[in-house]
Amino acid sequence: MRVELRPAGPDGKVSADKALGINEQFQISRQFWASLVNEGILPNNDFIHPVPHMSLVFGEDHSKYLAARYDSFRQQKLFERMQFSKERDQIAQWAPLTVKGRSEGESVAATWAPEGTDVDFGALTSGMIDYLQSQGVEVRYGYEVKNLDRESDGTWTVSAINRINTKEPLKIHAKFVFLGAGGGALHLLQKSGIEEGKGYGGFPVSGLFLRNTNEITAAKHNAKVYGQASVGAPPMSVPHLDTRYVDGKRSLLFGPYAGFKTNFLKQGSLLDLPLSLRLHNIYPMTRAGLDNLSLVKYLLTELVKDKNARLESLHRYYPEANGDEWELIEAGQRVQIMKKDAKKGGILQFGTEVVSSADGSIAALLGASPGASTAAPIMLNLLKRCFPSQFAGWESRIRALVPGYGVKLNDNPDLADEIMAHTAHTLDIAN
C-alpha cells in the first residue's frame, strides 16, 4: 500500500479518494495472497513482511498540509489506524534514522500507518510458478517472442527463439495471449497488429536507487518513508526511504533517481525506442512530449546528478547516512504510456493500462502501476474484460479466493474488520 501526498483542494481539504482506490486494490491482493497460503498453493508467508508506511514533510506549510491530509484520511475505515505527529520523540520511535542528526530548528511532521507491508515479488512469483509446475503447467525460460500471427480462426501463433540456443525455435498456438512483458509489452502489442494498439507509444525512464546492505544499519529502520516530489516533478519522483526484504535479507533503499536509456528493458536494446515509432504514434508522442516539458526538465536535472548530489537528497531524509555504505543500482526500466487523445492529440499517462482486442483473444498490460500490490485486481479486471461470457461462472471461485471482491471495504466496516483480521493472521502482518 503506497500512499502519495496529494495536492489540497481550493477549500484546503485533501481528498483521500486516490489513496483509497489504491488501498482497496491492495486489500484485494492481500486477500488473494492469504488464500494462496491457506490453500497450500504457497508454502508459507515469507514473501511478505510488516513494514509501516509513513509520510514525512519539512517546514510549517508542509506540516499544515500533512495535518489536513491526516484529518481527511483518519475518517476513512481503511486509514483509521493512521497516526500523525509533529513531535520529534514520536517520529524517532517510528523512524529513528530520519530524526537523528537533524537540525533542532527544523519543523518536521509525519504520519504513520502500521498496516503497511513490503512484498518480495520475486519470492511470491517463484512460489506461484512452483505450484503451477507441480500441476503440469509448462514454463519455458530464456525465450524471446519474435512474432505474433493471427490465424483465420481467431487463434494466435506465437513464434519465439531460445536466446541461449537460437537453433531451437518455438511455435505455440493459443486461443488467448497475455502480453505481460513489462517494458517489452509495447513491442509485442505492435507485433500483434490489433487496431486497439494503434496510437500507443512509450517513453522509457530508468529507475535508480541507492541501496544499503549493511545489516546493522538496516536493522535500525523499519518503515517506508515517503516524502514530497519537487515542484514540477512527476508523481513517480516521490522520494522514499524503504526497508526492503529480498531473498530474506533486509536492506535499505532510497530513491528514486531517474536515468534515461532508449531500451525498454534493463537487458533490452538501445534501439527499442526508435523501433517503436510508427506513423500512428509519432504525433501522439510528440504532443504528449510538448505538454510535459516539466518531465524533460526533471530528467535533465536527474541526469547531471553525481553521487554527491544523490547523497544530498538522501541526507534530507537520513541526516547521518554514511555515503560509503550506499551503492547506486538500476532497479528497472519504466516505460511511461503515451497515447492518442481526442482533445490534446496525445497525453502522457502515469499508471497502467490494459489494451485488448475486440474479441478478447489478446491483451497487453502497459505502463507502470502505483505499486505492484495492485497486481491481483489488475488481472481480475483483465479476466472480466477478455472473458465476459465465462467470467460469471468463475465468480464463485474468485469470491472464495477474494471474499471482498466487488465490495468497497471502506464502505463496509464490519466486513473490513473481518477480512483484514483474517488476512493479517494468515500473512502474519499488522491488521
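Quick note on the working numbering: the sequence shown kicks off at -15 and runs consecutively. We put the CB at the ideal spot given by N, CA and C, even for glycine.
If we ignore side chains and look at the alpha-carbon of each, how far apart do lysine 392 and isoleucine 148 end up?
-> Looking up residue 392 in the sequence shown gives position 408. Looking up residue 148 in the sequence shown gives position 164. Distance between the alpha carbons of lysine 392 and isoleucine 148 is about 47 Å.
CA-to-CA distance, leucine 399 to phenylalanine 416, given in whole angstroms = Outside the modelled stretch of the chain, which goes from -15 to 415, sits residue 416, for which no answer is possible.
Where leucine 4 falls, given that 16 or more other Cβ within 10 Å makes a residue buried = Start at 1 with the first residue of the sequence shown, and residue 4 comes out as number 20. Buried, by the Cβ-count rule.
Is it right to say glycine 166 is buried, meaning 16 or more other beta carbons lie within 10 angstroms of its own, or is it exposed?
-> Counting from 1 along the sequence shown, the entry for residue 166 is found at position 182. With 16 or more neighbouring CB atoms inside 10 Å of its own CB, glycine 166 falls in the buried class.
Go to glycine 120, then tell me how far its beta strand (DSSP E) extends in each direction, as first and last residue.
-> On the sequence shown, position 136 is the one that residue 120 refers to. Segment: none, glycine 120 is in no beta strand (DSSP E) and carries neither H nor E.
So who's on the other strand from glutamate 180, going by DSSP bridges?
-> Locating residue 180 in the sequence shown gives position 196, where the first residue counts as 1. Its beta-bridge partners do not exist; DSSP assigns none.
What is the DSSP secondary structure of valine -13, reduced to helix, strand or coil?
-> The residue given as residue -13 occupies position 3 in the sequence shown. The predicted model places valine -13 with a pLDDT of 45, which falls under 50 and marks its position as unreliable, so this point remains unresolved.
Please name the residue, chosen from Ala348, Ile75 and Leu364, that lies closest to serine 91 on a Cα-to-Cα basis.
-> Stepping through the sequence shown from its first residue, residue 91 is reached at position 107. Residue Ile75 is the option with its Cα nearest to serine 91.
To the nearest whole angstrom, what separates the beta carbons of serine 260 and leucine 170, a pair I think is in contact under 8 Å?
-> Position 276 of the sequence shown, counting from 1, holds the residue named residue 260. Position 186 of the sequence shown, counting from 1, holds the residue named residue 170. Approximately 6 Å separates the beta-carbon atoms of serine 260 and leucine 170; this is inside 8 Å, confirming the contact.
Counting pairs of Cβ atoms below 8 Å between the segment 284 to 303 and the segment 153 to 166, do you hit three or more?
-> Result no; under three Cβ-Cβ pairs closer than 8 Å.
Hey, glutamine 196 and phenylalanine 238: beta-carbon distance below 9 Å or not?
-> As a position in the sequence shown, residue 196 is number 212, starting the count at 1. As a position in the sequence shown, residue 238 is number 254, starting the count at 1. In the sequence as presented, glutamine is not what sits at residue 196; that position holds asparagine. The beta carbons of asparagine 196 and phenylalanine 238 sit closer together than 9 Å.
In the DSSP assignment, find the unbroken beta strand (DSSP E) run with arginine 240 in it and report its ends.
-> For the purposes of this step, residue 240 is taken as residue 256 along the sequence shown, with counting starting at 1. First, the amino acid is wrong: residue 240 is proline here, not arginine. Secondary structure note for proline 240: its beta strand (DSSP E) is the uninterrupted segment 233 to 243.
Is DSSP giving glycine 168 helix, strand or coil here?
-> If you number the sequence shown from 1, residue 168 lands on position 184. The answer is helix: DSSP assigns glycine 168 an H, G or I state.
Under the three-state DSSP convention, the category alanine 97 falls into = Numbered from 1 along the sequence shown, position 113 holds the residue referred to as residue 97. Strand.
Between the segment 43 to 56 and the segment 123 to 133, do three or more beta carbon pairs fall short of 8 Å?
-> Not touching, per the Cβ criterion.
Under a Cβ-count criterion, where at least 16 other Cβ atoms within 10 Å of its own Cβ denotes burial, should histidine 37 be classed as buried or exposed?
-> Taking the sequence shown and counting its residues from 1, one reaches residue 37 at position 53. It is buried - the Cβ of histidine 37 has at least 16 other Cβ atoms within 10 Å.
Less than 9 Å separating the beta-carbons of proline 87 and tryptophan 78?
-> Taking the sequence shown and counting its residues from 1, one reaches residue 87 at position 103. Taking the sequence shown and counting its residues from 1, one reaches residue 78 at position 94. Note on identity: in this sequence residue 87 is serine, with proline being the wrong assignment. Not in contact: serine 87 and tryptophan 78 (Cβ atoms no closer than 9 Å).
Determine, using beta-carbon pairs with one atom in the segment 172 to 192 and one in the segment 266 to 286, whether at least three such pairs fall under 8 Å.
-> The answer is yes - the segment 266 to 286 touches the segment 172 to 192, with three or more Cβ pairs under 8 Å.
Alpha-carbon spacing of histidine 315 relative to proline 258, whole angstroms | Residue mapping note: residue 315 aligns to position 331 of the sequence shown, counting from 1. Residue mapping note: residue 258 aligns to position 274 of the sequence shown, counting from 1. Sequence check: residue 315 is alanine here, not histidine. Spanning the two alpha carbons is a distance of roughly 23 Å.
Which ranges would you report for the beta strand (DSSP E) in the segment 248 to 316 if only whole runs of at least 3 residues count?
-> Runs found: none.
Going by the beta-carbon positions, is the gap between isoleucine 32 and valine 103 smaller than 9 Å?
-> Within the sequence shown, the letter at position 48 stands for residue 32. Within the sequence shown, the letter at position 119 stands for residue 103. Yes; because the gap between Cβ atoms is below 9 Å, this pair is in contact.
Valine 21 to arginine 228 span [Cα, whole Å] | In the sequence shown, the residue the question calls residue 21 occupies position 37. In the sequence shown, the residue the question calls residue 228 occupies position 244. When only Cα atoms are considered, valine 21 and arginine 228 end up about 21 Å apart.
Do lysine 323 and isoleucine 331 have their CB atoms nearer than 9 Å?
-> Taking the sequence shown and counting its residues from 1, one reaches residue 323 at position 339. Taking the sequence shown and counting its residues from 1, one reaches residue 331 at position 347. Going by C-beta atoms, lysine 323 is nearer than 9 Å to isoleucine 331.
With isoleucine 145 as the anchor, note down where its beta strand (DSSP E) starts and where it stops.
-> What you label residue 145 is simply residue 161 of the sequence shown in a count that begins at 1. Going by DSSP, isoleucine 145 is part of the beta strand (DSSP E) stretching over 140 to 146.
Tyrosine 241 to threonine 336 span [Cα, whole Å] = Residue 241 sits at position 257 when you count from the first residue of the sequence shown. Residue 336 sits at position 352 when you count from the first residue of the sequence shown. Between tyrosine 241 and threonine 336, the C-alpha separation is close to 20 Å.
For glutamate 23, does the three-state DSSP call read helix, strand or coil?
-> Counted from its first residue, the sequence shown places residue 23 at position 39. Per DSSP, reduced to three states, the secondary structure at glutamate 23 is coil, with no helix or strand assignment.
Distance between threonine 407 and alanine 359 (C-alpha atoms, nearest Å) = For this step, residue 359 is matched to residue 375 along the sequence shown. For this step, residue 407 is matched to residue 423 along the sequence shown. Spanning the alpha carbons of alanine 359 and threonine 407 requires a straight line of approximately 17 Å.
The ligand MN heavy atom lying under 8 Å from the CB of glycine 168 | By its list of ligands, the structure shown contains no ligand whatsoever, and the ligand MN lies outside what it can speak to.
Kindly identify the DSSP beta-bridge partner or partners of tyrosine 229.
-> Translated into positions along the sequence shown, residue 229 becomes position 245. Paired residue(s): Arg234.
Nearest candidate by alpha-carbon position, reference serine -1, set Ser13, Ser56, Ser19 and Pro34 = What you label residue -1 is simply residue 15 of the sequence shown in a count that begins at 1. Nearest to serine -1 by alpha-carbon distance, out of Ser13, Ser56, Ser19 and Pro34, is Ser56.
Which of helix, strand or coil does DSSP assign to lysine 61?
-> Here residue 61 refers to the residue found at position 77 of the sequence shown. Helix.
Measure the C-alpha to C-alpha separation of aspartate -5 and leucine 40 and round it to an integer number of angstroms.
-> As a first step, residue -5 must be located in the sequence shown, where it is residue number 11. As a first step, residue 40 must be located in the sequence shown, where it is residue number 56. One Cα belongs to aspartate -5, the other to leucine 40, and the distance between them is close to 23 Å.
Could you check the C-alpha separation between valine 386 and leucine 274 for me, to the nearest Å?
-> Looking up residue 386 in the sequence shown gives position 402. Looking up residue 274 in the sequence shown gives position 290. Taking the straight line joining both Cα atoms gives about 43 Å.
What separation, rounded to the nearest whole angstrom, lies between the Cα atoms of serine 278 and serine 214?
-> Sequence index remark: in the sequence shown, residue 278 carries index 294 (1-based). Sequence index remark: in the sequence shown, residue 214 carries index 230 (1-based). Across the structure, serine 278 and serine 214 are spaced so that their CA atoms are roughly 11 Å apart.
Please name the residue or residues paired with lysine 208 in a DSSP beta bridge.
-> Position 224 of the sequence shown, counted from the first residue, corresponds to residue 208. Beta-bridge pairing links lysine 208 to His37 and Asp226.
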